[in-house]
Structure formats: C-alpha cells, structure tokens
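In the numbering used here, the protein residues as written are 1087 to 1249.
This is the structure:
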C-alpha cells in the first residue's frame, strides 16, 4: 500500500492561540461533532473540542466528508476510551499492552458511542471506525482502509491511533 502524506501542522497549545482563534476552531468543529454524535454530553463535547484544537484535528474542507468524519470519530473514540473506561488503569496498573487494553474496554466504549449517536446498531460507518481502533496495524490486510475511502486519503501515520 502506498501512503500519501497529509501533513498536519505542528500541534499547538491553547497558549499559542488567541481567544478568537480558539473560539473559531472550536465552533468550526462543533457542528460536525454534533452531527456525528448528537447526544454527546456538553462536558465531553467541550473536552473533545479542546483536543481537536490541540492535536490539531479541525474539519478540513479540502478533504471528503468521510475523511473528516473518520478523523473526528477517532478523536471521540479515544476520548471515550480514556474518559469513560478503565483503559488508563489497565495500561498503568496491570501493564497491559494497549491493544489488549482496547479489547478489554471495547464493550464499554461501544456502549457510550451508541448512547451518543442515533444510528442503528448495524451502522457500518461508526462500527468500522470503532473496530479499526482495535486492530494492530500488522493485523490488517494490505490495502485495508476501514472506511473504504479513495486512494488519495491514505496516511503515513495511522489515523485510528490517537493515543
């Protein structure tokens, strides 16, 4: 599989942005996140918006809707994993390998994702994106893309791996 670089700018901190820039970037991501996860609690939404600014994962008009949805969904999955499960404790206290910790917390993560979105249980987009976070890169078939996007959306870095 050939990879194309979609280089993101260096991550920024809140201190690097003035109030107007922070507000603009937050609002730029708010509507797409609410579209994807309309039942997301305000506190989680605000935290995810912070992450979007700091990483930076902002909605990119030059990329497809699927590319953006996958990117934002992976941020939400990582947030849920770290904030709504015992994932960090499994890594720290039990010293589990991260993919094993992901597998152990998968049920809890999926439950929260389903609470936050209105899609049917068989929704392929959400499920494929979620399942992608559980696979080690070496477990994936050559050419594998969880969202079956066009070839122009390939990455050098794993888009499903935010932690």
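We put the beta carbon where it would ideally sit given N, CA and C, even for glycine.
Let me confirm a value: residue 1148 is counted as buried when at least 16 other C-beta atoms fall within 10 Å, else exposed. Which label applies?
exposed
Contacting residues, own chain, Cβ-Cβ under 6 angstroms from residue 1256 (five flanking each side not counted)
Since the first residue of the chain shown is 1087 and the last is 1249, residue 1256 is not available in this structure.
Measuring CA to CA, which of 1183, 1197, 1180 and 1111 is closest to residue 1135?
1111
Comparing C-alpha positions only, which one of 1138, 1150 and 1164 sits nearest to residue 1192?
1164
Can you give the Cα-Cα distance for residue 1131 and residue 1215, rounded to whole angstroms?
19 angstroms
Assigned secondary structure, residue 1102 (DSSP; H/G/I helix, E/B strand, else coil):
helix
Is the CB-CB distance between residue 1171 and residue 1194 below 7 angstroms?
yes
From the DSSP output, in three-state form, read off residue 1202 for me.
helix
Taking a contact to mean a Cβ-Cβ separation below 7 angstroms, would you say residue 1196 touches residue 1145 in this structure?
no
The alpha helix (DSSP H) with residue 1158 in it runs from where to where?
1151–1169
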